[in-house]
Every structure is written in structure tokens, then in C-alpha cells.
Amino acid sequence: MAKKEIGRREFLISGSIAAGALAVVGVGVKYLDISHTGEQLRQDFLRPPGAIDEVEFMYGCIKCGLCVQICPVQAIKLAGAHEGLSYGTPYIDVRAQPCDFSCDALQCVETCPTAVLNFEQFKEAGLKAIEKATEGTDLSNTDVNPFEVQKVAMKEAVLMGKAHVNKNTCLAHQRKGFKGISRGTDFEGIYRAPDSKYAYATPLKDKEFDREICNLCVTECPIGETAIEFSPGRGSGKMRPRVLDGCTGCGVCVMVCPTERPSIVVEPIKS
Amino acid sequence: MAFELIRSGKHKTPIKPKPIAEMPHTELGIDYKTWCDSHKGTHKWRNIRWSVLIFMNLLFVVSFAFDLAILEGSLSGSRLIGFYLMDPFNALQELAITSTTGYIVHLTMNFWIGLFTILLFWFFVGGRSYCSWMCPYHFLAELAEKLHNYLIKTKKIKEHAFHTGLRFVFWFGFIILALATQQLVFENLNVVGIVSRAMIYGPGLLLFWVFGILLFEIVYSKRFWCRYVCPIGTTWSFVGKLSPLTIKFELDKCGYCRDCQTVCLVPHELWFVQRGKATQETHYTGSDCTNCGLCIDTCAGNALSYTIKGWSAVL
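Chains X and G are the protein sequences, given in the same order.
The numbering of the first sequence is my numbering, which starts it at 1 and goes up by one.
The numbering of the second sequence is my numbering, which starts it at 1001 and goes up by one.
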């Protein structure tokens, strides 16, 4: 216990030191904030689906990690202290483990209590799609499953970034094929391939490819033909991947790309 | 009547101290020193509390590690079997910022449900009880305190105490900082959140900050963070202002040894145990009390006990 009462004088002294320390912290935070504004998010630091603008995201995210815990493929991770003010906020490193939409529900967005991963847009997109699909149909017909339409519409409404192909290293651009396991046998990443017979994600290393001209990014894309196509180039006529407007930036293409450094990268988009 | 229950009674004139003939040790016919030490080694409530604290924090860890969906998230926001819970100081900062930016309308119903549920729950179990029964940093600080006490006892270091009003400087300071920078500044320095996240999601560099604070507490000022800084604790003490669960003090069983104040995190809440200070036959601890039960364990006369204030009045 305190031997003597701590008086007003001591309080004023320690109080001003505390206030001064807080002010220093505030200036430091403001400095870090300003020096990082305008800095693009990186491919290895993509925000999860539905993330709102970075400025709002930074104060809206309470760093609880519920999105991390709900993700079935564990794509989302919490940033470490080296990310500065972003400490504790969620990110996706798509080269290591992208979002493959195999949860079919955008659970990370739905679970976010402060809506920095904003579910409204996906809810709307899903409902609109159901409405369109069931228009004029008899709802008592059990063959019609509107939820399939909803699932697709929701994932198509995601926009984390846009993929870009690096023509210099892309195998298809060099008319090369690919045979074997894309990222080696120790690679831990999982995803649900469009031709997979499972409803859940399986390891990439379990799948063997054999392509005359490499087109993994095109065939493994969870969105499909609206996001990326394998088509002949206008001048040369050689087959190469071309990213279309439907690309959500999920990054599955980045993960499956067999070149040492990914020949397809995702450039994050700030909403 | 109800108003009387929340007043400390400090404003009244003190009751005259008991003469030696009426002291509990005289009534038992034993030596005063022996009487004082008669509860040494009793750790009933501490053991119960540590078990609860470790169990709850482990629940967070295993829920994520084994995908159990019992208690997901971390201490800054979680879901208990699907039911949301929200850290109130985080929520306060968030509300302060969003009220200026208009983002407030986007906060989900889960946010509001989580916030009010947790406020209601901890209101009933004593506000700052969160600190000693839930907070993982409190546990670490308790261990650090033992080391600190040893260093004090062997006269290796000196004690440095501060004014408890410092907490309000930090509390308002962090809210103002949040408003000024539009960042949840406190969460980056919050040792509670850092420890909680480190346990659940794996350790990070910021653990060095936690060790730094612990070291400061060991060599300079006892329980510095919990006593003078932590705005989460301050928020809970606001919540616990009218809480029914608290610690009751009965003057007639007290032997004025003040052992309870020695072990207490917030000794100013036990002001009435000093000889000639009590103004009523029974006193209740105020909202800074974390209901940790250390004083109950140590009290030789069983003068301190958990109670639900106003219970008799309700019955």
C-alpha cells in the first residue's frame, strides 16, 4: 500500500507526462498514417472480400480475427507489427493461399461485426440473382435451386483486385506447356478446382497437370469464363491467358502459376 | 435507500476504533501476530479465479486450433457459440470515430448485440471482475508482481506509486487520440489484445512491448498498467459503478492488520480497513475493485466476503 497520500501536485506532474506521451504517440501515428497514405496495397497484402476503403477500414477493424477463424481454407491472416498501423488487421497473401470461394457463402464478410467487410453488396447481388432466376418460374418446382444462382452471383460481386499477366515470364506466351505438380510437393496451398469432385478445397499438390500450352490460370479460375479466357493473341495468334472484366482478384491463378515467380499477379483495388 | 447502497460512506464521521479487548485475536485468546498469519497459504479464491481465467483463454485457443466454434475471435471481439461479444473500449473508440465520419450506420446488429450483452453480463458480475477473471495480461502481471514484491522485500528496488486518477488521463487521452488520428490507436498498444491475439493466432513482434511493460512493472512500479493505464479496466470500472456483485467488509471481524491492502491491486478501495477509518459497521468496495478475492483469502478474521449488494433489500 501507499505509505503516503499522493497529492494533487504529483497527479499534475504524472498527468502531464502521460498526456505528453499520448501526444507523442498521436503524432507518431499521424506521421505513419500520412507517410503510408497513397501507398498501394500489395499482392501479398490483399484485403479480404468486401473490404471497404482503406481509410475507413483502419478505424473500423477491431482486429478480432473472426474472419480469420471462419475461413475454411485459412486464406486470411492477421498482420504482424512490421505492417505498422495495420497490425492485427486481416490480409490475404494470394501466392501462399488465396480465397477460392469454396465456402460458397463469403462467411468472412458475413461474420464481420463492424462491417469493414461489407456484406450488403453481396446480399443484394445474391437476392437480385435469385429474383432474376426465379422470375416466371413455379417455385413449387423442386428442380429449381435458386441458391446455386445466389452463390455464383455473390462471388462474382467480389472485387479484391485485378489480375495481370506478365508476358515476359508466362509459359503460354513462350508457347511452353506444363507437366507435373504446379508448385511442388511441399506446397501447402489448397483450393477447390472447377473440375473437382469434392465440395471442399483439396491440396494443389494432389493434382497433376499435363498441358501442351500452359493454361492453369484459366482452367483453375473459380469464376470461369467471365474472368479469364484462353484465346489467340491478335497479332501472333498464339494462345495466351487474357484477364477479363469479371476478374475478382481472388488470386487462385497466382497460386497455381507454375513459374518460380508468379507470371500472373493481382493488383489490389481500393474500393 | 438504493442511493445509500452505492455510496461509500467515506463522507461520514469514522467509528471509534475497537479497544484491544474487543479485537478478534483477544476473543480467540491468541497472539496478534499468530492471528494475522493464520490464513497464510490460503489460496482458495485465487485458485478458482486462475482456473476460470486459464480455462476461458484456453477456450479461445482451442476453438481456433481445433475449429470447435465455442469461443471464436479474440478478446477484442468474439463469438460465444455464435453469439457476438464486443470489447467495450474498442467499441467506444469506434463509435467516437464513426460518429464523426458517418460510418456508424454500417455497424451491424451483431455489433450492437455484442456490445450490450457484454455490458449487461459484466455489470451483473462486478464490472472490473473482467480484469482478474478474464484478462490474460492480469495473470502475467500477477506473476510479475510476485517478482516485484521479492525485489522490494530484499530492498533491491524502491516502490514508485502514482495517482490513480492517471487512468482517466489515459482513458480520455486514448479516445481523443482515436478521434484525432482516425485510427484505433489504443489497440496497437493494448497489451491485453496483443497477448490474447498472440495466444490464439501465434506470437508476434509486439510481444516485446508486453515484455517491456512487464519489466517496467517488475523493476519500477507495481502493476503499472492495470493500476494507472489500462482504459479497458477503466471502462469496466464505469460499468461496475452500480454493479450488485462486490466485496463486503464487516468491521467487527477486522483486526486492523491491513494484509488485505498489501495484496490488493487497488488498495484505495479498501480504505476502510485501516484502524479508525471505517464509518459504518459494513462497507462495500467500490467499482475499481476487480473482485479478485485475494483480500478474502488473506483475511484472518474472515471480515471480507463476496456479496450481492442489495440482495437482502430485494428479499
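Built from N, CA and C at the ideal position, the CB exists for glycine as well.
The model shown is predicted, which means the values in this text are computed figures rather than measured ones.
* **For G/Val1229 and X/Ile13, the rounded distance between their alpha carbons** => Rounded to the nearest angstrom, the two C-alpha atoms are 15 Å apart.
* To do: Starting from the C-beta of G/Asp1288, find all residues in its chain whose C-beta is less than 8 Å away, skip the five residues before and the five after it, and write them out in chain order.
  => Setting aside the 5 residues that flank it on each side, G/Asp1288 is surrounded in the same chain by Arg1128, Thr1164, Ser1237, Val1266, His1268, Glu1269, each with a C-beta closer than 8 Å to its C-beta; the list follows chain order.
* For X/Ile6, go through chain G and note every residue whose CB falls closer than 7 Å to its CB, in chain order. => Going along chain G in sequence order, the residues near X/Ile6 (Cβ under 7 Å) are Ala1161, Phe1162, His1163.
* Does DSSP classify X/Lys128 as helix, strand or coil? -> DSSP places X/Lys128 within a helical segment (H, G or I) once states are collapsed to three.
* For G/Tyr1150, go through chain X and note every residue whose CB falls closer than 7 Å to its CB, in chain order. => Here the premise fails: no neighbours, minimum Cβ distance about 17 Å.
* At a Cβ threshold of 7 Å, is X/Met1 touching chain G? -> Residue confidence is low: X/Met1 scores 42 on pLDDT, short of 50, so the model does not pin down where it sits. Its coordinate-derived value is still stated next. Chain G contact via Cβ: present.
* Asked: Just curious, the alpha helix (DSSP H) that G/Ser1196 is in, first and last residue?
  -> It spans 1191-1201 - the alpha helix (DSSP H) in which G/Ser1196 sits, taken as one unbroken run.
* Asked: DSSP beta-bridge partners for X/Glu229?
  -> For X/Glu229, which the question treats as bridged, DSSP gives the partners X/Arg242.
* Where do the N-terminal and C-terminal ends of the beta strand (DSSP E) with X/Ala163 fall, by residue? -> Looking at the DSSP string, the run of the beta strand (DSSP E) that includes X/Ala163 is 161-165.
* Got a sec, what are the start and stop residues for the alpha helix (DSSP H) X/Asp33 sits in? -> Taken as a continuous stretch (DSSP letters only), the alpha helix (DSSP H) holding X/Asp33 covers 8-36.
* Per DSSP, what kind of secondary structure is G/Pro1231 in: helix, strand or coil? -> Looking at G/Pro1231 - three-state DSSP - the assignment turns out to be helix.
* Using DSSP with H/G/I as helix, E/B as strand and the rest coil, what is G/Leu1143? -> Reduced to three states, the DSSP call for G/Leu1143 is helix.
* As assigned by DSSP and simplified to three states, the class of G/Lys1241 -> Three-state DSSP puts G/Lys1241 in a helix.
* Cα separation between X/Met154 and G/Ala1178? -> Cα-Cα distance, rounded: 34 Å.
* To do: For the beta strand (DSSP E) containing G/Ser1129, list its first residue and its last residue.
  => Per DSSP, G/Ser1129 belongs to no beta strand (DSSP E); it is in the alpha helix (DSSP H), 1129-1134.
* To do: Return the Cβ separation of X/Gly88 and X/Ala79 in integer angstroms, given the expectation that the two are a contact with Cβ distance under 8 Å.
  => That pair is a contact at about 6 Å.
* Can you give me the Cβ contacts of G/Ser1243 inside the same chain, cut-off strictly under 6 Å, excluding the 5 residues immediately before and after it? => Taking G/Ser1243 as the centre and dropping the five residues before and after it, the same chain places the C-beta of Phe1123, Gly1126, Gly1127 closer than 6 Å to its C-beta, in chain order.
* What is the rounded straight-line gap between the Cα of X/Glu148 and the Cα of X/Leu159? -> Our two residues, X/Glu148 and X/Leu159, have alpha carbons roughly 20 Å apart in a direct line.
* **Listed by chain order, chain X residues near G/Arg1197 by CB distance under 8 Å** => Under the 8 Å cutoff, chain X gives Lys63, Gly65, Leu78, Gly88.
* Asked: Contact between the segment 1081-1097 of chain G and the segment 1200-1214 of chain G: three or more CB pairs below 8 Å?
  -> At 8 Å Cβ cutoff, the stretches do not touch.
* Would you list, in chain order, the members of the segment 1085-1105 of chain G that have their beta-carbon closer than 9 Å to a beta-carbon of chain X? => So the close ones are Met1086, Asp1087, Asn1090, Ala1091, Gln1093, Glu1094, Ile1097, Thr1098, Thr1101, Tyr1103.
* **Beta-carbon spacing of G/Phe1168, G/Pro1231 below 7 Å** => Contact flag unset, no.
* **DSSP three-state assignment for G/His1283, whether helix, strand or coil** => It is a strand residue.
* With 16 other CB atoms within 10 Å as the buried threshold, where does G/Arg1079 fall? -> Flag for G/Arg1079 reads buried.
* How should G/Thr1101 be labelled, buried or exposed, when 16 other C-beta atoms within 10 angstroms of its C-beta is the threshold for buried? -> With fewer than 16 other Cβ atoms within 10 Å, it is exposed.
* Asked: Given 8 Å as the limit, is there contact between the segment 1296-1309 of chain G and the segment 1041-1059 of chain G, that is, 3 or more CB pairs closer than that?
  -> With the cut-off at 8 Å, the segment 1296-1309 of chain G and the segment 1041-1059 of chain G touch.
* Output the boundary residues of the alpha helix (DSSP H) element that contains G/Leu1095. => Segment 1088-1101, the alpha helix (DSSP H) holding G/Leu1095.
* Give me the Cα-Cα distance between X/Lys3 and G/Gln1280, rounded to the nearest whole angstrom. => Residue placement at X/Lys3 is flagged as unreliable, the pLDDT there being 48, under the threshold of 50; the coordinate-derived value follows with that caveat. A straight-line Cα-Cα distance of about 24 Å links X/Lys3 and G/Gln1280.
* Asked: Under the three-state reduction of DSSP, which class applies to X/Thr134: helix, strand or coil?
  -> Shown here, X/Thr134 sits in coil according to DSSP, grouped into three states, outside any helix or strand.
* **Nearest residue (CA-CA) to G/Arg1092, options G/Gly1073, G/Cys1135, G/Phe1186, G/Leu1058** => Reading off the sequence shown, one finds Leu at residue 1092 of chain G, where the question assumed Arg. Looking only at G/Gly1073, G/Cys1135, G/Phe1186, G/Leu1058, the smallest Cα-Cα distance to G/Leu1092 is reached by G/Phe1186.
* Is there at least one Cβ from chain X nearer than 7 Å to G/Tyr1130's Cβ? -> Chain X contact via Cβ: absent.
* Between the segment 1270-1279 of chain G and the segment 1013-1030 of chain G, do at least 3 Cβ pairs fall closer than 8 Å? -> Output reads yes: the segment 1013-1030 of chain G touches the segment 1270-1279 of chain G.
* **Chain-ordered neighbours of X/Gly15 on chain G, where CB pairs are closer than 8 Å** => Those within 8 Å of X/Gly15 in chain G are His1163, Gly1165, Leu1166, Val1169.
* Along chain X, in chain order, which residues have C-beta atoms closer than 8 Å to that of G/Ser1078? -> In chain order: Cys64, Leu66.
* Endpoints, the beta strand (DSSP E) within which G/Phe1272 is located -> Per DSSP, G/Phe1272 lies in no beta strand (DSSP E) and is assigned neither H nor E.
* Alpha carbon of G/Phe1116 to alpha carbon of G/Ser1074, nearest angstrom -> If you take the alpha carbons of G/Phe1116 and G/Ser1074, they lie about 17 Å apart.
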